[in-house]
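Worksheet: the structure to be examined is printed underneath.
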Amino acid sequence: MNRNSLTVPACATLGLLVPLAILDRRMIAAGSSGIIRFELAGPDRGAEILRAWGVEGRRAATASLLLDFPFLVAYTTLSVRLTQRAGNLLSTTGARALADAAPMVMAVQVGAGVCDAFENTALLVVVARGGNRRMAELARRAARMKFAGLAAGWMYDAAGAWLWLGEGLRLRRGARRSGSGLLSRAPGLFAHWHVVRSYA
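Residue numbering for the sequence shown is 1 to 200, as defined by the working numbering.
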């Protein structure tokens, strides 16, 4: 299997989402708040969520936070490989500046995963102690940086896909304008096809 394949990290991410979603539903049923609200709650709101959750909600939260460690490895790997693919696609469109930014965006994605690990660790302390202002604030800051990093990666990947698709449409439209144009456009069309095949 291609070491840059999306299959394994995508399957792992989707597979882990199922138990995480089940645990989130248990938290909401116990206290009307899921794990994301708890991540961003901070000290005061976090204490309220803990009280509302009770024993069952806290157990579900602890299980969710522990399961999030393998989940963050899976989604970080997936995010990095998607960004790498986006950079490769951008290089075929002539958008060199954006293509050259791929390694930096990949580093941001890894940083988002590290922030998630710090966040999980801090929140496990908060849940175990029934509240901890310092750790709750640390978790909130880490969560904000995590979501910002992930959003940056998603926007980069979307831009790469959009520009690559636009270039493909431009090449195909140019090829339709004249029969002789098809031969002149063939190298560009083949390059688009080859990049997709190489990173599939």
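We put the beta carbon where it would ideally sit given N, CA and C, even for glycine.
In this text, all values refer to a predicted model and were calculated from it rather than measured experimentally.
Burial state of residue i, where buried means 16 or more other Cβ atoms lie within 10 Å
{"i": "T7", "result": "exposed"}
{"i": "D157", "result": "buried"}
{"i": "G179", "result": "Note that G179 scores a pLDDT of 49, beneath 50, so its modelled location is shaky; the value from the coordinates is reported in the next line. Exposed, because fewer than 16 other Cβ atoms sit within 10 Å of the Cβ of G179."}
{"i": "R81", "result": "buried"}
{"i": "I49", "result": "buried"}
{"i": "G130", "result": "exposed"}
{"i": "R58", "result": "buried"}
{"i": "L66", "result": "exposed"}
{"i": "D24", "result": "buried"}
{"i": "I35", "result": "buried"}
Through-space distance from residue j to residue i, alpha-carbon basis
{"i": "A152", "j": "I28", "result": "29 Å"}
{"i": "D100", "j": "T77", "result": "20 Å"}
{"i": "L165", "j": "L17", "result": "29 Å"}
{"i": "N88", "j": "A139", "result": "34 Å"}
{"i": "A47", "j": "A128", "result": "12 Å"}
{"i": "R51", "j": "A142", "result": "23 Å"}
{"i": "G31", "j": "V55", "result": "10 Å"}
{"i": "I22", "j": "R96", "result": "43 Å"}
{"i": "V108", "j": "Q84", "result": "12 Å"}
{"i": "L90", "j": "A102", "result": "9 Å"}
{"i": "C115", "j": "A122", "result": "11 Å"}
{"i": "A61", "j": "M106", "result": "29 Å"}
{"i": "K146", "j": "R37", "result": "14 Å"}
{"i": "R45", "j": "R3", "result": "43 Å"}
{"i": "A41", "j": "V110", "result": "24 Å"}
First and last residue of the uninterrupted alpha helix (DSSP H) at residue i
{"i": "G31", "result": "T7 to G31"}
{"i": "G42", "result": "G42 to S91"}
{"i": "R96", "result": "R96 to D100"}
{"i": "R3", "result": "It is not in any alpha helix (DSSP H) - R3 carries neither H nor E in the DSSP assignment."}
Proximity below 8 Å, CB of residue i to CB of residue j
{"i": "A117", "j": "F69", "result": "yes"}
{"i": "A159", "j": "L98", "result": "yes"}
{"i": "N120", "j": "V126", "result": "no"}
{"i": "L150", "j": "S79", "result": "yes"}
Proximity winner among the options, relative to residue i (alpha-carbon distances)
{"i": "A112", "options": "A102, N88, A161 and R144", "result": "R144"}
{"i": "F71", "options": "R134, A161 and L20", "result": "L20"}
{"i": "W154", "options": "L66, A86 and R59", "result": "A86"}
{"i": "G94", "options": "A107, L163, E137 and A74", "result": "L163"}
{"i": "S5", "options": "E137, K146 and A74", "result": "A74"}
{"i": "E137", "options": "E39, W53 and V114", "result": "E39"}
{"i": "L124", "options": "S64, G34, R37 and A161", "result": "S64"}
{"i": "R134", "options": "P43, I36 and T92", "result": "P43"}
{"i": "W53", "options": "A41, S33, R37 and A148", "result": "S33"}
{"i": "A161", "options": "T92, M104 and R26", "result": "T92"}
Distance cut-off 7 Å: residue i Cβ against heavy atoms of the ligand SAH
{"i": "D100", "result": "For the ligand SAH, the structure offers nothing, since it holds no ligand at all."}
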